[in-house]
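Novice: First the structure, then my questions, so here it is.
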Amino acid sequence: MIKEIIQYPTVPSQAFDGIVRHYDKALHTLLEDLKDTIVQNQLDGLAAYQIGSPFAVIVVKNEKGHFLEIVNPIIITKEGNITPTESTAYYPNLTATTKRYEKIKLMYEDRTGKQHFLTAEGDLAILIQRKTDYLLGSDFRVRMNKEEKQLFDAKLDKNSNSITAESCPTTEPKTIKNILRVITLALIVGSVGVVLELFVSDTFAHTLKSIENYIMLFVLLAIVVYFFVANYEGKKYSNCTSCQIGNILGTSFIQSIRLGLLAIANYFIF
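Each residue of the sequence shown is one higher than the one before, starting from 13 at the first, in my numbering.
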């Protein structure tokens, strides 16, 4: 029977990695449902998790296009690293660059419970790894690096696979990095000054306190400058509006918290 494939933003069931212990009609029906759904949607494979089943079962097509039924899979050896471009039915029409093993050895069972071993490499190895991710309650996002995740989130936000690293940068421009470095350095200097107030004379402590006030004012102005400059830079990349705003607000908030802690320390120490 053809089943509905769970797709983003629907959250799959939290039940997963259900080890198959009974090799009965229910298992055979699940395997046939996976095959029917694969054929109907012209896919290379599916995990049971993708159609709402918690069992550790996947069905994939091998190099010859024949179905391979895999029950209770365990990857026992891994060799080589590759960075393929992948897609998955959970995120239709979107691709991402991931990190995978080039060659794997798999231990699994068939529909009768008989144990088998399979050595796979290339596209088949990538496909099996992608499907076994689902059996662990995740998907191929866990195989992306930080920059690729940010880019993929931008694709999700715009529902477009045409967004590239050039149209949605995942690293901050040099100007913004320099502003953040200055803020960090000023906060460090301010923190050192607060500590010194504990060990110097009252007269020198008053001087340090005045310097601290100027440093905190400078940091406050720098945070404001960062916010507006970062917003300006973010507007250059209309494809990445939400992630840019999120980064800007998050960074501004963190720096403001640090400034607030410095101000509190400076107020109470002397």
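In this text, a Cβ means the ideal position worked out from N, Cα and C, and glycines have one as well.
(1) If we ignore side chains and look at the alpha-carbon of each, how far apart do M156 and E91 end up?
(2) Taking only the alpha-carbon atoms, compute the straight-line gap between N74 and L106 and give it to the nearest angstrom.
(3) If I follow the unbroken alpha helix (DSSP H) through E209, where does it start and stop?
(4) In whole angstroms, give me the CA-to-CA distance for F211 and T196.
(5) From the DSSP secondary-structure annotation, give me the bridge partner or partners of K73.
(6) Could you tell me whether the region 185-199 touches the region 118-137, where touching means 3 or more Cβ pairs closer than 8 Å?
(7) On a Cα-Cα basis, can you pick out the residue from G134, P21, L58, E16 that is closest to D165?
(8) Which two residues bound the contiguous alpha helix (DSSP H) that contains I140?
(9) Looking at the unbroken alpha helix (DSSP H) that takes in L58, where does it start and where does it end?
(10) What do you reckon, is the C-beta of S150 under 8 Å from a heavy atom of the ligand FAD?
(11) Mind checking Q62: buried by the 16 CB within 10 Å criterion, or exposed?
(12) Enumerate in chain order the residues of its own chain whose CB-to-CB distance from T100 is below 8 Å, with the five nearest sequence positions on each side excluded.
(13) Using 8 Å for Cβ pairs, my map puts S65 next to L42. What's the rounded Cβ distance?
Specialist: Let me lay it out:
(1) For the purposes of this step, residue 156 is identified with residue 144 of the sequence shown, where counting begins at 1. For the purposes of this step, residue 91 is identified with residue 79 of the sequence shown, where counting begins at 1. Put simply, the backbone Cα of M156 is about 18 Å away from that of E91.
(2) Locating residue 74 in the sequence shown gives position 62, counting from the first residue. Locating residue 106 in the sequence shown gives position 94, counting from the first residue. Their Cα atoms are separated by approximately 23 Å.
(3) Position 197 of the sequence shown, counting from 1, holds the residue named residue 209. Unbroken run through E209: none, as it is neither H nor E.
(4) Counted from its first residue, the sequence shown places residue 211 at position 199. Counted from its first residue, the sequence shown places residue 196 at position 184. Straight-line spacing of the CA atoms in F211 and T196 works out to 24 Å.
(5) Locating residue 73 in the sequence shown gives position 61, where the first residue counts as 1. K73 is bridged to F79.
(6) They do not touch, by the three-pair rule.
(7) What you label residue 165 is simply residue 153 of the sequence shown in a count that begins at 1. Here the closest residue by C-alpha is P21.
(8) Here residue 140 refers to the residue found at position 128 when the sequence shown is read from its first residue. It spans 134-147 - the alpha helix (DSSP H) in which I140 sits, taken as one unbroken run.
(9) Within the sequence shown, residue 58 is the residue found at index 46, counting from 1. L58: not part of any alpha helix (DSSP H); member of the beta strand (DSSP E) spanning 57-59, first to last residue.
(10) Only the bare structure without any ligand can be found here, which leaves the ligand FAD out of the picture.
(11) As a first step, residue 62 must be located in the sequence shown, where it is residue number 50. Under a 10 Å Cβ-count criterion, Q62 is classified as buried, with 16 or more other Cβ atoms of the shown protein chains found around its own Cβ.
(12) The sequence position of residue 100 within the sequence shown is 88, counting from 1. Hits under 8 Å: R142, D151, F152.
(13) For the purposes of this step, residue 65 is identified with residue 53 of the sequence shown, where counting begins at 1. For the purposes of this step, residue 42 is identified with residue 30 of the sequence shown, where counting begins at 1. With 8 Å as the limit, S65 and L42 qualify as a contact, their Cβ atoms being about 6 Å apart.
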